[in-house]
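*Asks:*
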Amino acid sequence: MERWIEEDIDHLTNKFGIQSAFDLARDLGINVQFNNLGNNIYGYNNNSHRIPMIVINNTIDERTQDGVCYHEIFHIRHHKGFNTQFFAVNTTSFLSDDNETEANKFMLAMLKEEYGWSKQEDVLDFLDFFKLPHELASLI
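Taking full-length UniProt numbering, I'd label the letters of the sequence shown as residues 1 to 140.
#1: Starting from the N-terminal side, write out each stretch of the beta strand (DSSP E) that is 3 residues or longer and does not extend beyond the UniProt domain "IrrE N-terminal-like" (26–111).
#2: In this structure, does DSSP put residue 126 in helix, strand or coil?
#3: Using a beta-carbon distance below 8 Å, is residue 111 in contact with chain B?
#4: Examine the Cβ distances between the segment 54–74 and the segment 37–45 and report whether three or more of them are shorter than 8 Å.
#5: Rounding to the nearest angstrom, what Cα-Cα distance links residue 131 and residue 65 in this structure?
#6: My output table needs one value for residue 140: the three-state DSSP class, helix, strand or coil.
#7: Would the beta-carbon of residue 140 fall within 8 Å of that of residue 126?
#8: Under the assumption that residue 71 contacts residue 99 (Cβ atoms under 8 Å), give the Cβ distance between them as a whole number of angstroms.
Put into structure tokens, the structure is as follows:
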């Protein structure tokens with residue numbers, strides 16, 4: 001993982017402690033909403049009157065929602081103006097560009113911190129626990 005992403009994770013965990021993505025979003029002043037986004041979209045972020053907001057699909061698993069929230073927190077903090085639908089079904093790859101790869105690395109690292117995942121555990125079991133695609137295994 002890129003050093004600057006590790007430093008960002010260290011900064012956040014030192015400042016706020018290890019906590020859920022939703023608590024972290026609250027502490028960062030990010031509004032999180034849940035809506036039915038259909039079967040194709042896990043979530044997205046945007047700004048409303050300069051207030052950052054994350055919208056998460058309320059039909060996906062709660063642990064997956066946690067991961068989506070971390071993913072979107074990263075975009076808000078580091079990819080200003082980058083607005084895409086996270087895990088859109090029509091996407092050919094979850095590693096489609098550098099911005100998505102960075103956000104996915106952050107998400108996976110934060111989930112490992114929050115849930116206490118150890119390197120002895122199987123990577124695919126970890127992804128299955130969060131109902132995340134196995135394609136992300138290369139980032140762990």
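Glycine included, C-beta positions come from ideal geometry on N, C-alpha and C.
Remember, it's a predicted structure, so these values are computed and weren't measured experimentally.
*Replies:* Result, derived from the coordinates:
#1: 31–35, 43–48 and 51–57
#2: For the purposes of this step, residue 126 is taken as the residue at position 126 of the sequence shown. Correct three-state label for residue 126: helix.
#3: Among the chains in the structure shown there is no chain B, since it carries only a single protein chain.
#4: yes
#5: As a first step, residue 131 must be located in the sequence shown, where it is residue number 131. As a first step, residue 65 must be located in the sequence shown, where it is residue number 65. About 10 Å.
#6: Position 140 of the sequence shown, counting from 1, holds the residue named residue 140. Here residue 140 sits in coil by DSSP.
#7: Looking up residue 140 in the sequence shown gives position 140. Looking up residue 126 in the sequence shown gives position 126. Cβ atoms of residue 140 and residue 126: closer than 8 Å.
#8: Within the sequence shown, the letter at position 71 stands for residue 71. Within the sequence shown, the letter at position 99 stands for residue 99. Residue 71 to residue 99, Cβ: 11 Å. No contact.
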